[in-house]
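FYI, in my numbering the residues of the sequence shown are 4 to 117.
Glycine included, C-beta positions come from ideal geometry on N, C-alpha and C.
Scroll down for the structure; my scribbles are underneath it.
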Amino acid sequence: MARQAISAQRHILRALSEWPKDILRPQVQLQDVLRKRFEASSNLSEQDQLKQANALYSLLDNRYKKKYLITGSLLNPKSKPTHFTDLVKELEEAPNRSYMERMLLRLKGVVRLQ
Numbered sequence: 004m005a006r007q008a009i010s011a012q013r014h015i016l017r018a019l020s021e022w023p024k025d026i027l028r029p030q031v032q033l034q035d036v037l038r039k040r041f042e043a044s045s046n047l048s049e050q051d052q053l054k055q056a057n058a059l060y061s062l063l064d065n066r067y068k069k070k071y072l073i074t075g076s077l078l079n080p081k082s083k084p085t086h087f088t089d090l091v092k093e094l095e096e097a098p099n100r101s102y103m104e105r106m107l108l109r110l111k112g113v114v115r116l117q
């Protein structure tokens, strides 16, 4: 039994080590928070730990994104068809912005001229 518990912990730690880094918030990483949580809840049974490891692996492999594909009109709402493409573009550009660019965007958000 103890060997299975070690195996479950090893699976959890392996899944967390493969978790992608958050480039928008480099000082706060999800895998660090989850690692502390799993270390604090070491009184779980090995079956529960294996279930949690399986959940981590399923998120890591994008299992649900592959199973429930989003296509068609859901990605292009009639009110603003480019909403999701603009959102992805914004998230890709955000980590590389300078301080002045961030302040300019913040001011544009406060003062909305039409």
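Here Q55 is buried, its C-beta having at least 16 other C-beta atoms within 10 Å. Here L78 has F87 as same chain residues with Cβ atoms under 7 Å from its own Cβ, once five neighbours each way along the sequence are excluded. Counting C-beta atoms within 10 angstroms of its own C-beta, Q50 has fewer than 16 neighbours from the protein chains shown and is therefore classed as exposed. Taking C-alpha positions only, L107 is separated from R28 by approximately 20 Å. A straight-line Cα-Cα distance of about 10 Å links D89 and K83.
Membership of N99 in any alpha helix (DSSP H) is not indicated, and neither H nor E is assigned to it by DSSP.
In summary, L19 is buried, with 16 or more beta-carbon neighbours lying within 10 Å of its beta-carbon over all protein chains present. In this structure, Q34 places its C-beta atom within 7 Å of the C-beta atom of W22. L110 and Q30 have their C-alpha atoms roughly 25 Å apart.
Distances from the CA of N99 to each of I26, I15, S44 and H14 were compared; the closest alpha carbon is that of I26.
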